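Here is the structure we will look at.
In this note's numbering, the protein residues as written are 144 to 674.
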């Protein structure tokens, strides 16, 4: 086997075999076959009734299809009976004319010279039929009935010769005998080829003469029941052995391995190694071609039952390169060896490959980037507005802080950016509000850097706001009391109109005085300065 691997590559790695033979087949159980291994169809026709006459109408084909012993018996009987009948007719003519009584009278002219009994009449017929012509027995001109019988004998003899000799010649040159030199492997195998599971068997030609236009076909014989409940005992299905690609057209010079790819269109799509033990089917292989020497069409047949299909095997190579020619070793023609083959069917393999891959497990705790982004969204000004809508803002914020936020927002939108008196005074009402974290106290701004969960952030926001602005405390705005009161009234009126998200606005530091601390009340600025 090492020599085989060196010659044909590591693909021929033997898994379980011995040196004598590639595979020792297990004991096969006896079962009824539809087609025998020699190609004979195991079918008998009975109860034909009146249809038997059809065989007589096609007598020549009937004689050719008969077995050799019956052909020889018919051949001998036909000639024997024909000779006896014709000899008897010549004896009748001699008896009627009285030639028998004057057999040795030289002055008498008989119908047939020297015919005076039945053996002499039989010899005359044989000499005439075989055109031997010994010259002792002959027809005279005094016997017109003998001349007519002679013509009838010649015509009948020609017909019998043509019929029987032609029948024997056709039977001897029948292309069935050419099929005897076409070989099929004893077993079929199932293994992978080119990454696909295939059913394979081997065919070879023992003669040097070729089979012209050789073509191979396969039929699957298996019983089945239709959806309508009809039972088909011997249903025939076609097995594709390369009809679409032209692989079924064989150049049968050396042994070839015929391959049937098992795919969704194949009857063996759901056949696995385990289900093969319980299946009952028969694969009929038909090889047809024209005999090169005679020009007759030849057909060779064989079959494989389920116990003759070996799962996970491959045929041993039989070709070798000699000095100037290729040699075929037919001693390894039927041998196989075991190879690694998945025991699953093609259907199961496709189902396994089509299953979705498991989804990655997401961590329960958010990542650092997600926590940071969510914390920034929570503690942005839009987030504060969102807390106000959820109940953290509005009435829960101190009223003084609400007035401060609304006043600072309005002042940042005024032309000139001043925080002077007359908060309820002139100027067009603002059409757009701009908010930033600079409008809040610095202690509130620092809440955005506290690493905590959203629920904890909500509680800390409440505590920080209560600590920064205590109930009842007063502020001393730097821009005049009137501005504060007017801004507070507008702030309480417009606090429910705060947007959920921050609206881009011009730089608040440029409009409010340069630094965020300048926009805060004096008391809050002193508190931040103390810290």
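By construction, the Cβ of each residue, glycine as well, lies at the ideal position given by its N, Cα and C atoms.
No experiment lies behind these values; they were computed from the predicted model shown.
Cβ-Cβ distance between residue i and residue j below 8 Å
| i | j | result |
| --- | --- | --- |
| residue 446 | residue 177 | yes |
| residue 484 | residue 334 | yes |
| residue 393 | residue 357 | yes |
| residue 273 | residue 233 | no |
| residue 426 | residue 464 | no |
| residue 455 | residue 481 | yes |
| residue 424 | residue 365 | yes |
| residue 342 | residue 429 | no |
| residue 340 | residue 410 | no |
| residue 355 | residue 433 | yes |
Between the CA atoms of residue j and residue i - distance to the nearest angstrom
| i | j | result |
| --- | --- | --- |
| residue 245 | residue 255 | 11 Å |
| residue 474 | residue 210 | 32 Å |
| residue 215 | residue 307 | 10 Å |
| residue 353 | residue 319 | 15 Å |
| residue 294 | residue 252 | 21 Å |
| residue 325 | residue 305 | 32 Å |
| residue 418 | residue 492 | 15 Å |
| residue 415 | residue 488 | 4 Å |
| residue 248 | residue 298 | 33 Å |
| residue 182 | residue 217 | 26 Å |
| residue 466 | residue 400 | 25 Å |
| residue 267 | residue 313 | 31 Å |
| residue 282 | residue 289 | 7 Å |
| residue 286 | residue 219 | 32 Å |
| residue 226 | residue 321 | 36 Å |
| residue 496 | residue 437 | 54 Å |
| residue 192 | residue 486 | 52 Å |
| residue 291 | residue 284 | 12 Å |
| residue 300 | residue 395 | 45 Å |
| residue 440 | residue 408 | 31 Å |
| residue 184 | residue 323 | 15 Å |
| residue 203 | residue 435 | 25 Å |
| residue 194 | residue 201 | 12 Å |
| residue 296 | residue 387 | 60 Å |
| residue 309 | residue 187 | 27 Å |
| residue 242 | residue 223 | 25 Å |
| residue 239 | residue 196 | 40 Å |
| residue 336 | residue 373 | 37 Å |
| residue 498 | residue 179 | 44 Å |
| residue 338 | residue 189 | 49 Å |
Other residues of its chain near residue i: CB distance less than 8 Å, five sequence neighbours each side excluded
| i | result |
| --- | --- |
| residue 250 | none |
| residue 276 | 270 |
| residue 199 | 205 |
| residue 370 | none |
| residue 349 | 324, 325, 326, 473 |
Span of the beta strand (DSSP E), counted from its first residue to its last, around residue i
| i | result |
| --- | --- |
| residue 441 | 440-448 |
| residue 379 | 374-382 |
| residue 471 | 469-471 |
| residue 207 | Here residue 207 belongs to no beta strand (DSSP E); instead the alpha helix (DSSP H) covers 202-208. |
| residue 332 | 331-336 |
| residue 479 | 479-481 |
| residue 345 | 339-348 |
| residue 400 | 399-404 |
| residue 322 | Residue 322 -> no beta strand (DSSP E), and no H or E assigned at all. |
| residue 354 | 354-368 |
Of the residues the options, the one placed nearest residue i, counting alpha carbons only
| i | options | result |
| --- | --- | --- |
| residue 303 | 229, 317, 257, 320 | 229 |
| residue 213 | 343, 311, 498, 427 | 311 |
| residue 345 | 316, 402, 364 | 402 |
| residue 332 | 285, 219, 451 | 451 |
| residue 469 | 363, 342, 351 | 351 |
| residue 360 | 219, 390, 370, 349 | 390 |
| residue 236 | 260, 407, 322, 478 | 260 |
| residue 207 | 316, 395, 296, 301 | 316 |
Beta-carbon contacts of residue i that lie in its chain and below 6 Å, excluding the five residues immediately before and after
| i | result |
| --- | --- |
| residue 367 | 375, 378 |
| residue 422 | 449 |
| residue 431 | 358, 442 |
| residue 257 | 279, 280 |
| residue 412 | 489, 490 |
| residue 380 | 363, 410 |
Beta-carbon contacts of residue i that lie in its chain and below 7 Å, excluding the five residues immediately before and after
| i | result |
| --- | --- |
| residue 471 | 397, 398, 461, 462 |
| residue 479 | 165, 166, 330, 332, 453, 456, 457, 458, 459 |
| residue 94 | Since the first residue shown for the chain is 144 and the last is 674, residue 94 is missing from the structure and cannot be characterised. |
| residue 710 | Given a span of 144 to 674 for the chain in the structure shown, any question on residue 710 remains unanswerable. |
Endpoints, alpha helix (DSSP H) assigned at residue i
| i | result |
| --- | --- |
| residue 428 | Run containing residue 428: none in the alpha helix (DSSP H); it sits in the beta strand (DSSP E), 425-434. |
| residue 310 | 287-315 |
| residue 495 | 489-497 |
| residue 675 | The chain is shown only over 144 to 674; residue 675 falls outside these bounds and no answer can be derived. |
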